[in-house]
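Residue numbers (our numbering), protein chains in the order written: chain A, 5 to 266; chain B, 5 to 266; chain C, 5 to 266; chain D, 5 to 266.
This is the structure we're talking about:
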C-alpha cells in the first residue's frame, strides 16, 4: 500500500518560549500532529520547522511531499517569500495543503486565497462545538454530527475567505459567534483544507476527534496523480501544428517560436 | 442617477511602440475601451496608465473608483508590488475588477486568484466564436447566444484558474481549442470578471458585441455598498463585551487589549 | 424607475386556524411580508395564497412576476405538482425566488435543489444571532455584521442542501446549534435565496433587520433581462446551417428536421 | 482490496430495435460499458435495464450499489417516478452517479439538478475534441490534455445545468460549437458526474480514452463511508436534550415529541 508522505510544518516558536505551550506540546505542536497522523496505516508523517535551512522545505523535500500541513502564528513574517512561492507552486502542481488555526494569516494561505483571510478572535478558553455541514464527506469520516472542544480560541465571522468549494464544518462558540471551521478549495491540481481549531495554549491536538479530522484530511488532500511539471508554463502552439488546419493571417507581435510576455 | 466611476488601466506600451497597434488604437487601447464604456448613460469612464506616477492609481483615485478595468501584456513586471497590494485591498473592500485578455498574467490577477493563470496560445489571426453558457446573465445582456471575432489570438485550455463562481462564456477557436472566455469570481466584497478577447494587433475593442460585454460587466461588477474600511483588520472581541456571558478560563497568550500576531 | 413586481405566496393556513399566529399576523404572514416590501420605493408587492385558483399563480401572473417569495409549512403536500413545475420553469427562465423558513420543505425548493433539504429543529423560543459571512453582499446591505432575534425556531445543521453559490449568513442558536441561514443559488437564469428565520408563532417578519433583508433580497433576485422563452427547448441545428462547414457522415437515428427524444 | 460495486443502467431500446446500434453494441451499450469498467482491478460492474422488474433497481440492489451509471435516450418517460425517487434518495445518501450522454434528459438527472438540462444538438458524425480543463483531476487520470472522437453527436451550449462544482472537460465540435463535456456535482453525500460523449450510432464506448474516463469516474464517485440512513429525516431536538441549557419560552405549534410538518 502506497504511504502518503505528509510533512507537518511548525513555526516552533511558542513551544520553546512559552512554558504553557511547552508543557502541552513537549515534542512541539508539529510533533504532536505528526504523531496523530502516524497512527494511520497509510500515512508517513515527518516534520519541518521555521528554524531549519529553507524552513525545512527544500525543493527536494517538497517534491516528495504528498500533503503539507501548516501551523504558524507568531512569526508569519519570518517565512521567506521564496519558500512561500515554492510551496504555492507545489500546491498548484498537485500537493495537498492543510492550513491549521492561526495559519489563516500565514503567507501561504493568503497567497493561495487572494483575500485578507481575517476574522475576529477572543482568547477566553470558551467552549466550541463543531457541526458537520457536509454529511459523509471524507474529511469527517467516522465523526458524529457534532463534537465539542472544552476550550478553544474564538474565531468569528466574517471570515475573509473566498467562497469555499465545500463548507464541511461550522463552529458554534459559547460567547455567541459562529465560524466556518472546515472549508475546502482546489488550487490548480492541489486540494486545500483550512481547519480552525488548534490554539496553542489548549490541548486541541490531543483531542481524538481533531486527530481523526487531521488523518482524514490528509487522505482527502492527497492527489495520487503525478505532480505537474513546469506548473507556470504557457506553451505557444504553432500554426503548423494546429490541430485543425489554419493559415496565418493578420498582423503579429511575435516571431515564430518566440516566448510570450510575462 | 448614480454614475459608476470606471477607470480603464492601460499598460500603454504597444500603442506607442508598435505601428500596427497604434493605427488600430490611436487613443490607446485604454482610450478605446473608455470610449466604449462612456457610451453607456450610467458609466463615467476615465483612464490610467503604467507611466503615470503610482501608475495613475493613487489611494485617492482608487477610493473613488467603482470598477477598475485592467489591460496589460508586455510590462506586467513593471507594475510596482505596492500598487498591486493597494488594488487587491480595494477589490477585497468592494471595488469591481475586470481583467482583460493578456491581463491573465498580470500581477493583480494572479494575486487575487492564487493560481498560475497560465494557458496555451497562438497568434494566427484565426476565428473565435464565443458561446454564452449562462443565459440571461447580466454580463451577456443583449447578446445573441454566440458571436464571432474574425481574428483573435488563440487562448487554450487548460487555463490555470480556480473554479469560477460562474462560467459565463466559452470560446471556440478555428485551430481546434476551447477556452473559458468569460468567468466570474468574488474576492472579499469585490466582484471580478476575466474576459479573454482583446489581442492588441486586432480591432477587438471596436467590436460591438465586445463593447456591450464591457459595459455590462462594469454594471455587474459595481458594488453600491460602501467600501469596507480597514479591510485587513482582525478585531479582538473582549470577554467583557462577549455577546453571551462567558468567563475567562484557561491559559492565555495575550494580555487584555493586546494586538494579535500577524 | 422600473418597479420590481414581487409576489408573496403564503400558505395562509395557520393565520386562519391558530389564534397565536392570527394575532401576530392579522393580515396573514404574506400580508405582513408584502407590506415590508412595499416600504421600498422600487418594489410593488402583492400576495397569492394556496386557497386561490391555481394557488394564485396563473401563467399570466407568473409572467408578470419578477420575484416570488414563498412561505409554507403545514400544507406543502396540497400544492399541485403542475403549479410547482410552472414555478420551476419560471425560475429557470429568469424569475427570482426567495424561499422562507419552513419553505425548506416546500415542493418548489426541493424541486430546484435536488436534495432532501432536511434539518434538525426545536421550537423553544430561544435566541438566534445571525452573522453576516459575506460582507457587503447586496442581500445584507445596511445591516450590521450580526443581529439578534429574541425568539426563533432552531433550525440546525446538517442542512440537506447542495453547496450554495454563496453563504451570506450563518445563524447561532442559544441551545448550541448553527445553521446556514442565508444561502444563494442560480437555477437557469433565475436567482434563488433561502432565508431561515420566520417561524409563525414569533413576530419575526415585524423585525426591522429581517424586513431589510427581504427588501434587499428582492432587489438582488430580480433579473431585468427578458424571460427565456421555451425554457426547456433543445433545438436541433442542421448540418446545412452549421456555423462551420461540415458534411454529414456516419449512421443516423434521426431524419432531417425530426424532433429529438425526451 | 474492496471492490467498488458499479451498476450500469441501460435503456436497452436501440440496441434491440436499430440494426446499426446492435452491430456496434452486440452486448448492449450497458454491456460494453460494464466490460470497460471490469477491466479495472478494483471495480465489479454489472448491468440493469429498463425492461427488468423495477428497472433492475430494487431497494436491495441499490443498497449494494456504490456507483450507478445511467444511459438512456428514447424512453426516459418510461422510467417510473417511484424508481427515480429511490435512486435520488440513494444518491443523496451517498451512492455515486454517472450520467452519460443523452441521459442529460433523464428523469434522474433533471431531478437532481433542478434545471432543464437542455442543449442544442446535431447528428452529423462530426469530429469532437475534448479538452481537459482541470489538470490532474482524478477523473482525467492518465489522459493527455486533449483527445479526439472522430464522430460524435454535437451537443452545444448553452447547457441548462446549475453551475458545476468542477468543470473537468470541455468539448470542441467541428461544426463550431462548444460544450461542458465533463462536469461534477455533489448532491447530499453523493457525487455526480455528467459525461457528454456516447451517441449510440458511433463506437464511442469502445474508445480507449472514453473507457479510461469511465473507470476513473467510478473511482472518483465512490464514497466509502456508510450510506446515510433515513436520508430525508428532520429530527426534532427536545428542549430537555439541548446541548446548552435553555428554557422553553414563547408560544408553540407543536406538542412535545410531535412530528414536524412536511
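Note that beta-carbon positions come from the ideal geometry of N, C-alpha and C, so glycine has one too. Predicted, not measured: the structure shown is a model, and the values here were computed from it.
Backbone secondary structure at residue 12(B) - three-state DSSP: The sequence position of residue 12(B) within the second chain is 8, counting from 1. If DSSP states are grouped into helix, strand and coil, residue 12(B) belongs with the strands.
8 Å contact criterion, which residue 225(C) and residue 102(C) should meet: CB distance rounded: Within the third chain, residue 225(C) is the residue found at index 221, counting from 1. Within the third chain, residue 102(C) is the residue found at index 98, counting from 1. The Cβ separation is near 6 Å, so the contact holds.
Residue 37(D) versus residue 215(D) - alpha carbon distance: Residue 37(D) sits at position 33 when you count from the first residue of the fourth chain. Residue 215(D) sits at position 211 when you count from the first residue of the fourth chain. So the alpha carbons of these two residues sit roughly 8 Å apart.
Cβ shell of residue 232(D) (< 8 Å), same chain only, five flanking positions each side left out: For the purposes of this step, residue 232(D) is taken as the residue at position 228 of the fourth chain. Within the same chain, residue 232(D) has close Cβ partners 96, 97, 98, 192 and 193.
Test: residue 8(C) CB closer than 8 Å to a CB of chain B: Translated into positions along the third chain, residue 8(C) becomes position 4. It does not: the Cβ of residue 8(C) has no partner Cβ on chain B nearer than 8 Å.
Cβ contact (3+ pairs, closer than 8 Å) linking the segment 110–127 of chain C and the segment 38–55 of chain C: no
Near-chain A residues of the segment 217–244 of chain D - C-beta to any C-beta below 7 Å: 227, 229 and 232
Residue environment, residue 168(C), which counts as buried when at least 16 other CB atoms sit within 10 Å: Mapped onto the third chain, residue 168(C) falls at position 164. Burial call: buried.
Local Cβ density within 10 Å of residue 242(A), reported as buried at 16 or more and exposed below that: The residue you call residue 242(A) lines up with position 238 of the first chain. The residue is exposed, with fewer than 16 neighbouring Cβ atoms inside 10 Å.
Continuous beta strand (DSSP E) stretch holding residue 158(C): start and end: As a first step, residue 158(C) is located in the third chain; it is residue number 154 there, counting from the start. Its beta strand (DSSP E) spans residues 150–160.
Length of the line joining the Cα atoms of residue 262(B) and residue 20(A): Numbered from its first residue, the second chain carries residue 262(B) at position 258. Numbered from its first residue, the first chain carries residue 20(A) at position 16. Rounded to the nearest angstrom, the two C-alpha atoms are 21 Å apart.
Residues near residue 94(C) by beta carbon distance below 6 Å, same chain, minus five either side: For the purposes of this step, residue 94(C) is identified with residue 90 of the third chain, where counting begins at 1. Cβ contact annotation for residue 94(C) (same chain, cutoff 6 Å, sequence separation greater than five): 66, in chain order.
Minimum Cβ-Cβ distance from residue 55(D) to chain A less than 8 Å: For the purposes of this step, residue 55(D) is taken as residue 51 along the fourth chain, with counting starting at 1. Closer than 8 Å: no.
Interface positions of the segment 178–190 of chain A facing chain C (Cβ-Cβ less than 8 Å), listed along the chain: 180, 181, 182 and 184
Reduced DSSP secondary structure (H/G/I, E/B, other) of residue 106(B): Here residue 106(B) refers to the residue found at position 102 of the second chain. DSSP places residue 106(B) in helix when its eight states are reduced to three.
Alpha carbon of residue 247(C) to alpha carbon of residue 121(D), nearest angstrom: As a first step, residue 247(C) must be located in the third chain, where it is residue number 243. As a first step, residue 121(D) must be located in the fourth chain, where it is residue number 117. Distance between the alpha carbons of residue 247(C) and residue 121(D) is about 23 Å.
Where the beta strand (DSSP E) through residue 73(D) begins and ends: The residue given as residue 73(D) occupies position 69 in the fourth chain. For residue 73(D), the enclosing beta strand (DSSP E) stretches over residues 71–75.
C-beta atoms of residue 104(D) and residue 73(D) nearer than 8 Å: In the fourth chain, residue 104(D) corresponds to position 100, counting from 1. In the fourth chain, residue 73(D) corresponds to position 69, counting from 1. Closer than 8 Å, so yes.
Buried versus exposed call for residue 228(B) [16 or more other C-beta atoms within 10 Å across all chains shown]: Here the question's residue 228(B) lines up with position 224 in the second chain. Exposed, because fewer than 16 other Cβ atoms sit within 10 Å of the Cβ of residue 228(B).
N-terminal and C-terminal residue of the alpha helix (DSSP H) that residue 37(A) is part of: Translated into the one-based positions of the first chain, residue 37(A) becomes position 33. 32–42 is the extent of the alpha helix (DSSP H) around residue 37(A).
Spatial distance of residue 68(A) from residue 87(B) (CA atoms): Here the question's residue 68(A) lines up with position 64 in the first chain. Here the question's residue 87(B) lines up with position 83 in the second chain. So the alpha carbons of these two residues sit roughly 36 Å apart.
Proximity test, Cβ basis, 8 Å: residue 117(D) and chain C: The residue given as residue 117(D) occupies position 113 in the fourth chain. By this cut-off, residue 117(D) is an interface position.
Exposed unless 16 or more other CB atoms sit within 10 angstroms - verdict on residue 85(B): Taking the second chain and counting its residues from 1, one reaches residue 85(B) at position 81. By the 10 Å Cβ count, residue 85(B) comes out exposed.
Cβ-Cβ distance between residue 172(D) and residue 182(D) below 8 Å: Residue numbering aside, residue 172(D) sits at position 168 when the fourth chain is read from its first letter. Residue numbering aside, residue 182(D) sits at position 178 when the fourth chain is read from its first letter. No, these two residues do not count as a Cβ contact at 8 Å.
Reference residue 342(A); option with closest CA among 237(A), 238(A) and 252(A): Nothing in the structure corresponds to residue 342(A), since chain A is present only between 5 and 266.
Inter-residue CB distance, residue 204(D) and residue 77(D) (contact presumed, cutoff 8 Å): On the fourth chain, position 200 is the one that residue 204(D) refers to. On the fourth chain, position 73 is the one that residue 77(D) refers to. That pair is a contact at about 7 Å.
Cα-Cα separation, residue 217(D) to residue 220(C): Indexing the fourth chain from 1 puts residue 217(D) at position 213. Indexing the third chain from 1 puts residue 220(C) at position 216. Cα to Cα, the separation comes out at about 44 Å.
For residue 219(A): DSSP bridge partner residues: What you label residue 219(A) is simply residue 215 of the first chain in a count that begins at 1. None, per the DSSP bridge assignment.
Contact check, residue 206(D) vs residue 124(D), beta carbons under 8 Å: Residue 206(D) sits at position 202 when you count from the first residue of the fourth chain. Residue 124(D) sits at position 120 when you count from the first residue of the fourth chain. No; because the gap between Cβ atoms is not below 8 Å, this pair is not in contact.
Burial state of residue 71(D), where buried means 16 or more other Cβ atoms lie within 10 Å: In the fourth chain, the residue the question calls residue 71(D) occupies position 67. With 16 or more Cβ atoms within 10 Å of its Cβ, residue 71(D) is classed as buried.
For residue 224(A): DSSP bridge partner residues: Here residue 224(A) refers to the residue found at position 220 of the first chain. DSSP, once it has assigned bridges, lists no residue as partnering residue 224(A).
is_contact[residue 99(B), chain C] using C-beta, thresh 8 Å: What you label residue 99(B) is simply residue 95 of the second chain in a count that begins at 1. No, no contact with chain C.
Beta-carbon contacts of residue 10(A) that lie in its chain and below 6 Å, excluding the five residues immediately before and after: As a first step, residue 10(A) must be located in the first chain, where it is residue number 6. 41, 47, 49, 71 and 222, listed in sequence order.
Residue from 178(B), 127(B), 91(B) and 6(B) with nearest C-alpha to residue 110(B): Position 106 of the second chain holds residue 110(B). Ranking 178(B), 127(B), 91(B) and 6(B) by Cα distance to residue 110(B) puts 91(B) first.
Residue 122(B) in three-state terms, based on DSSP: As a position in the second chain, residue 122(B) is number 118, starting the count at 1. Here residue 122(B) sits in coil by DSSP.
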